[in-house]
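Asker: Counting from 1, position 9 in the sequence shown corresponds to residue 10 in UniProt numbering; the numbering is continuous, with no gaps. All residues carry an ideal CB built from backbone N, CA and C; glycine is no exception. Computed from a predicted structure; not experimentally measured. Once you've had a glance at the structure underneath, I'll fire off some questions.
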Amino acid sequence: IDMRFHIMTLFPEIFNSYMNESIMKRAIEKGIIDCKVYNIRDFSENKHKKVDDYPFGGGAGMVMTPQPIIDTYKHIVETNKIENPRVIYLTPKGKVHCQEIAKKLSIEEDVILLCGHYEGIDQRVIDMIVTDEISIGDYVLTGGELAALVVIDSISRLIPGVLGQNESFEDESFENNLLEYPQYTRPRVYEGMEVPEVLLSGNHKKIDEWRREESIKITKERRPDLLDKK
Ligand code: SAM
């Protein structure tokens, strides 16, 4: 196994369906990635299995308490014998996720992901165990689960063997800070709309040129900030 994901969440079911379909499922079956989900509530020492409480200082909403999270974390690290664990807290306050971060994370062996809920988690948890805070964009979700799936998916497809030969990411958007050129498949003419002639020419040099030009054009239009990075 090249990468083991360990997810700490209050809603483990969310991960079952996504990780059991399509490319994620195949990657797990091939033994390239592994995904273990831990229910934080199972580790609560409270007799009612409580995992949240009112915020000190007042204000709306509930905050997740440290004990169940830290005990979940200790369990993960001990049972999987992880040294220097990388612990990602999904939060709108984090660094905004991107292909570059996904690439950096894809060389790890174990990644622990912490999903918040309600108003978030007690800051002391972050200070104690979190190594990276990641946001998936400038908006607020109800929980970190979707964000964790986004991060897991974007990392997984970069691990060798997860994508098949026909699903390479080398030409894809964000490689070389360019957005991808337009793609076409059969039929050649659909509702009177034709596939660009050059793609049918069989001339690979010309095709590469056309694709590069289209990439630059669309990147200029939509994401000039990427071209500035080049
Ligand atoms: N009170 C927090 C704030 O203002 O920063 C927002 C808490 S949010 C309602 C609940 C949980 O959803 C967070 O703890 C976090 O795990 C997750 N979450 C929400 N938006 C997110 C985003 N853009 N990226 C990653 N995780 C997010």
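Sort Met25, Ser216, Asn204 by Cα distance to Leu180 and report the nearest one.
Answerer: Leu180 has its Cα closest to that of Ser216, out of Met25, Ser216, Asn204.
Asker: Quick one: Cα of Asn81 to Cα of Arg224, how far?
Answerer: Near 42 Å, if we compare the C-alpha coordinates of Arg224 and Asn81.
Asker: Under the assumption that Glu120 contacts Val64 (Cβ atoms under 8 Å), give the Cβ distance between them as a whole number of angstroms.
Answerer: The Cβ separation is near 5 Å, so the contact holds.
Asker: CB Ala148 to CB Leu142, shorter than 8 Å?
Answerer: Taking 8 Å as the Cβ cut-off, Ala148 and Leu142 qualify as a contacting pair.
Asker: What three-state label does DSSP hand Leu11 in the structure shown?
Answerer: Of the three classes helix, strand and coil, the one that applies to Leu11 here is coil, per DSSP.
Asker: Let me know the beta strand (DSSP E) ranges lying completely inside the region 120 to 161, each 3 residues or longer, listed in chain order.
Answerer: You should have 133 to 136.
Asker: Any heavy atom of the ligand SAM closer than 7 Å to the CB of Tyr140?
Answerer: Yes - the ligand SAM has a heavy atom lying nearer than 7 Å to the Cβ of Tyr140.
Asker: Report yes or no: is there a C-beta of chain D within less than 8 Å of the C-beta of Val38?
Answerer: Any reference to chain D falls outside this structure, which holds one protein chain only.
Asker: So within the region 8 to 63, which uninterrupted alpha helix (DSSP H) runs reach at least 4 residues, ignoring any that extend past its ends?
Answerer: As far as the region 8 to 63 is concerned, its whole alpha helix (DSSP H) runs of at least 4 residues are 14 to 20, 23 to 30.
Asker: Please classify Ser45 as buried or exposed, where buried requires at least 16 neighbouring CB atoms within 10 angstroms.
Answerer: Buried is the call here.
Asker: Out of Glu192, Thr73, Gly32, Asp172, state which residue places its alpha-carbon closest to the alpha-carbon of Arg212.
Answerer: Cα-wise, what sits closest to Arg212 is Asp172.
Asker: Can you give the beta carbon distance from Met4 to Glu110, rounded, assuming they're within the 8 Å contact cut?
Answerer: At roughly 7 Å, the Cβ-Cβ gap stays under 8 Å, so Met4 and Glu110 are in contact.
Asker: Which term fits His49, buried or exposed, when burial requires 16 or more other beta carbons within 10 angstroms of its beta carbon?
Answerer: Burial call: exposed.
Asker: Quick one: Cα of Ile137 to Cα of Thr73, how far?
Answerer: The straight-line gap from Cα to Cα measures roughly 24 Å.
Asker: Name the DSSP bridge partner or partners of Arg212?
Answerer: According to DSSP, which records beta bridges pairwise, Arg212 is partnered with nothing at all.
Asker: Using C-beta distances below 6 Å, list every residue in its chain close to Thr132, excluding the 5 sequence neighbours before and after it, in chain order.
Answerer: Hits under 6 Å: Arg87, Val88.
Asker: According to DSSP, which residues form a beta bridge with residue 234?
Answerer: The question about residue 234 has no answer here: the residues shown for the chain are numbered 2 through 231.
Asker: Can you tell me which of the three DSSP states Val163 falls into?
Answerer: Correct three-state label for Val163: coil.
Asker: Quick check: is any heavy atom of the ligand SAM less than 7 Å from the C-beta of Ser136?
Answerer: True, at least one ligand heavy atom lies under 7 Å from that Cβ.
Asker: In terms of alpha-carbon separation, which member of Ile70, Gln100, Leu91, Leu159 lies closest to Leu114?
Answerer: With distances taken between Cα atoms, Leu114 lies closest to Leu91.
Asker: If we count Cβ pairs, one from each stretch, closer than 8 Å, do we get three or more for the region 28 to 42 versus the region 149 to 163?
Answerer: The region 28 to 42 vs the region 149 to 163: in contact.
Asker: For Tyr191, list the residues DSSP reports as bridge partners.
Answerer: Its beta-bridge partners are Met194.
Asker: Quickly, what does DSSP pair His118 with across the bridge? List them, please.
Answerer: Beta-bridge pairing links His118 to Gly144.
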